[in-house]
Structure formats: C-alpha cells, structure tokens
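First the structure, in the form of structure tokens, and then the observations on it.
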Amino acid sequence: MAAIYSLYIINKSGGLIFYKDYGSAGRMDTNDSLRLASLWHSMHAISQQLSPISGCFGIELLQADTFDLHCFQSLTGTKFFVVCEPGTPHMENLLKHIYELYTDYVLKNPFYEMEMPIRCELFDISLAQAVQKERVSLLGR
Amino acid sequence: MAPAAPKSGDVIFASVDRVNAELFTLTYGAIVRQLITDLEEVEEVNKQLDQMGYNIGVRLVDEFLAKSSVSRCVDFRETADVIAKVGFKMFLGVTASVTNWDADGTTCSLILEDNPLVDFVELPDTCQGLHYCNILSGVVRGALEMVSMKTEVTWLRDMLRGDDVFELQVKLLKQVPEEYPYKDDE
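So the protein lines, in turn, are chains A and B.
In terms of UniProt numbering, the first sequence opens at residue 1 and continues consecutively.
In terms of UniProt numbering, the second sequence opens at residue 1 and continues consecutively.
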C-alpha cells in the first residue's frame with residue numbers, strides 16, 4: 001500500500017508552521033523538520049530562478065529512490081508539501097484539499113495568528129480524515 | 001494532471017455553506033452600531049471598519065483561491081474582473097460591474113447595484129460622514145495585498161447617501177515583485 005510519510009506547511013517567509021508525520025518511516029525530530037522546511041523554501045525559490053522555462057513557479061515534484069516529495073504553493077505564498085512512498089498517486093489533489101482545509105479550519109479560526117504555527121484541533125481532525133480517505137480510495141482500487 | 005478549470009461565481013456560491021441573509025445583515029448592523037457607540041467619532045468608525053475588513057481580507061483571499069481554482073491573473077484588468085464576477089458573488093451573493101478605467105489601466109470602479117449589507121439601513125443625520133460599507137473596501141485592499149498588489153480603495157458613490165449605486169474605486173499603487181531580492185548589497 002502506498003503510504004504518506006509526512007506533511008509540512010511553510011509560511012511565505014519560509015517558517016515551518018505545521019508538521020505531521022504518519023507512521024515510522026522518515027520520522028524526524030523538531031530540529032530536522034525545521035531545517036528541512038527552510039531548506040525546501042530556499043530550494044524552491046532558487047529553482048524558480050534556475051528553471052529554463054520562463055514563468056516557472058518552482059519545484060512541484062521531487063522524485064528520489066526512497067520517496068516522492070509533492071509541493072503545492074498557493075498564490076499567497078504558503079507552501080504545502082507531502083513526502084510519500086515513490087509513485088503514490090493523487091497527491092496533487094490531496095494537497096489542494098489540504099489547502100481548502102487550511103482556509104476553513106485555520107484561517108477562519110479567529111484566534112489563529114497569521115503566519116504562526118498552527119495549533120487547531122479541528123484542522124488536525126479533518127486532516128486525519130483526509131489522509132485516511134486518500135488511503136481508502138487507494139485500497140478500493 | 002491538468003489544472004482544475006476556474007469555477008464561476010455562481011457555481012461556488014451554490015456550493016458553499018450559507019447563513020440566513022438577515023442574520024448577516026443584522027449582525028453587521030449591530031457591529032457598526034457598537035463601533036459608533038464605542039468610538040463616538042464617525043471618522044474613527046470608518047477607519048475601524050476598514051481595518052476589520054483588511055483583517056478579514058488577508059484571510060479570505062486564500063479561501064477564495066482554494067475554492068475558485070482561479071489561476072494567476074495576467075494584468076490588473078483581469079484581477080478587477082475576477083473580483084467583481086467571482087469574488088463578490090462568492091462571498092456577498094451579488095456581482096459587481098467594472099467600469100471607469102483610466103488610461104494606464106491602474107484605476108477602475110466596481111459598481112454594486114445591490115448590496116445585502118444595507119438592506120434595512122437608513123443613515124441618520126448624525127452619521128452623514130459614515131461609510132457604512134467601509135468593511136468591504138478593507139476586504140478588497142487586504143485580499144489584494146496578499147497577492148502582492150498594494151491598492152487604495154475608496155467609496156465614490158454610496159446609495160445610503162442618495163446615489164443610485166455603490167461605486168468602489170480601486171487604485172493600484174504598486175505591484176510588489178514576487179522574486180526574492182538576490183542582490184547581496186540589499
């Protein structure tokens with residue numbers, strides 16, 4: 001079964017505002033996850049400049065031997081990326097869906113401070129369901 | 001995967017959760033009344049409404065982008081069109097029309113013929129300087145700022161002041177480039 005290893009959300013200035021790992025593979029401690037997030041933020045920015053295609057908006061998919069990294073950047077500059085088993089399908093859709101959950105359960109929470117780490121229980125719950133559903137749809141195929 | 005096609009304002013409006021329009025109108029009225037009581041000065045109320053709208057706008061824009069699947073606009077003309085046709089419809093249930101473009105395409109007017117915020121409102125003599133819907137101008141300003149457009153948004157016509165429509169002037173001041181400053185000396 002294809003698995004999602006972890007999910008990251010980075011704010012527009014490159015700070016990690018949300019990190020969640022699923023299962024044991026690729027688990028990281030807090031420092032490593034922060035480091036990876038800011039590294040990805042910079043690489044993403046550099047890739048826009050290096051790309052031979054004009055009007056490129058940065059890396060969307062990084063494929064390695066042991067994982068795939070799918071990244072989605074909203075027009076407001078927030079980045080969502082998910083690390084998963086190589087070849088896991090539907091990840092773009094999952095990221096878009098997570099973006100919608102973020103707008104509903106994080107941004108609409110009046111006590112959430114913009115650009116700050118996300119601590120919203122409703123978001124956690126609906127996120128868990130979304131990731132689960134993704135698994136279910138894969139199992140049903 | 002091909003990007004999802006942008007949705008029209010009507011489609012999104014039909015799919016999102018809604019509340020009773022009167023509850024919305026009355027809640028907004030209560031907020032404005034409370035602000036007038038608290039701040040006393042009408043000018044201060046205008047400022048406060050604008051600030052509240054701004055705070056809403058910076059959050060709202062992401063929902064708009066997520067649910068409408070619109071892609072990057074080529075120019076400010078397209079931006080204004082999307083705000084009027086999709087944005088207003090999605091959140092307010094009405095569409096605006098875009099007119100009065102200036103020669104450089106940086107200033108335009110959004111015309112609202114119908115505005116649910118003012119359904120039961122009559123401005124008393126003591127509040128003549130009040131821009132009752134000033135929250136809307138703040139929302140537009142806040143939302144555009146998050147997609148790197150600095151704007152100035154002002155009311156030119158107001159039905160509560162006897163005009164025939166609401167006219168919101170949007171002026172693009174500066175487009176902040178999205179590229180990072182890579183020069184070492186900056």
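Glycine is no exception: its CB is placed at the ideal position from the N, C-alpha and C atoms.
- Item | Whole beta strand (DSSP E) elements within the stretch 49–117 of chain A, 3-residue minimum | 61–63, 68–73, 79–84
- Host beta strand (DSSP E) of Ile83 of chain B (start-end): Where Ile83 of chain B is concerned, there is no enclosing beta strand (DSSP E), given that its DSSP letter is neither H nor E.
- Query: Where does Arg59 of chain B land, buried or exposed, given buried means 16+ other C-beta within 10 angstroms?
  - Reply: buried
- Beta-carbon separation of Gly23 of chain A and Tyr5 of chain A under 9 Å? Going by C-beta atoms, Gly23 of chain A is nearer than 9 Å to Tyr5 of chain A.
- Query: In this structure, what does DSSP give as the bridge partners for Trp155 of chain B?
  - Reply: Trp155 of chain B is bridged by DSSP to B:Leu168.
- Query: Which full runs of the alpha helix (DSSP H) of 4+ residues lie inside the stretch 88–159 of chain B, going along the chain?
  - Reply: Runs found: 88–92, 134–146.
- Message: For chain B, check one thing: does any of its Cβ atoms lie closer than 9 Å to the Cβ of Asp68 of chain A?
- Response: no
- Query: Hey, is Asp125 of chain B's beta-carbon within less than 9 Å of any beta-carbon in chain A?
  - Reply: no
- Message: Against chain C, with Cβ distances strictly below 9 Å, would Ala66 of chain B count as a contact?
- Response: Any reference to chain C falls outside this structure, whose protein chains are A and B.
- Item | C-alpha distance - Glu40 of chain B paired with Asp158 of chain B, whole-angstrom precision | The alpha-carbon atoms of Glu40 of chain B and Asp158 of chain B are separated by roughly 22 Å.
- Evaluate Asp125 of chain A with the Cβ neighbour count: other Cβ atoms within 10 Å of its Cβ, from every protein chain shown; 16 or more gives buried, anything less gives exposed. Contrary to the premise, residue 125 of chain A reads as Ile rather than Asp in this sequence. Per the 10 Å Cβ criterion, exposed.
- Message: Taking only three categories from DSSP, how would you classify Ser42 of chain A?
- Response: Here Ser42 of chain A sits in helix by DSSP.
- Message: For Glu100 of chain A, would you say it is in contact with chain B, using Cβ-to-Cβ distances shorter than 9 Å as the test?
- Response: yes
- CA-to-CA distance, Glu122 of chain B to Gly57 of chain B, given in whole angstroms: Distance between the alpha carbons of Gly57 of chain B and Glu122 of chain B: 26 Å.
- Identify which residue in A:Tyr105, A:Cys120, A:Ser33 has its Cα closest to the Cα of Phe81 of chain A. A:Ser33
- Are the stretch 148–157 of chain B and the stretch 166–174 of chain B touching, with three or more C-beta to C-beta distances below 8 Å? yes
- Message: Suppose the cutoff is 6 Å on Cβ atoms and the five residues either side in sequence are ignored; what does the same chain contact list for Phe18 of chain A look like?
- Response: Ile9, Ile118
- Could you name the residues that DSSP lists as bridge partners for Leu7 of chain A? A:Lys20, A:Val82
- Query: So which residues on chain B does Leu107 of chain A lean against when the C-beta distance must stay under 7 Å?
  - Reply: Arg59, Asp62, Glu63
- Item | Buried/exposed call for Thr99 of chain B, threshold 16 Cβ in 10 Å | Result: exposed.
- Closer than 9 Å, CB to CB, is Val42 of chain B near chain A or not? no
- Message: Which same chain residues end up closer than 6 Å to Val86 of chain B when comparing Cβ atoms and leaving out the 5 residues on each side of it in sequence?
- Response: Gly9, Ser68
- Item | Neighbour flag for Val19 of chain B against chain A, beta carbons, 9 Å | Under the Cβ distance rule, Val19 of chain B does not count among the residues neighbouring chain A, no pair being separated by less than 9 Å.
- Query: For Ala7 of chain B, which three-state DSSP category applies?
  - Reply: First, the residue type needs correcting, since residue 7 of chain B is Lys and not Ala in the sequence shown. Lys7 of chain B: coil per DSSP, three-state reduction.
- Pull up the CB-CB distance for Asn134 of chain B and Leu49 of chain B, whole angstroms please, since I reckon it's below 8 Å. 4 Å
- Using a Cβ cut-off of 9 Å (strictly closer), state whether Ser126 of chain A contacts chain B. Not one chain B Cβ lies under 9 Å of Ser126 of chain A.
- Message: Residues in the same chain with beta-carbon distance under 7 Å from Asp119 of chain B, minus the five sequence neighbours each way, listed in chain order, please.
- Response: Thr25
- Task: Within 10 angstroms of the Cβ of residue 273 of chain B, are there 16 or more other Cβ atoms? Answer buried if so, exposed if not.
- Result: There is simply no residue 273 of chain B to check, as chain B begins at 1 and stops at 186 in what is shown.
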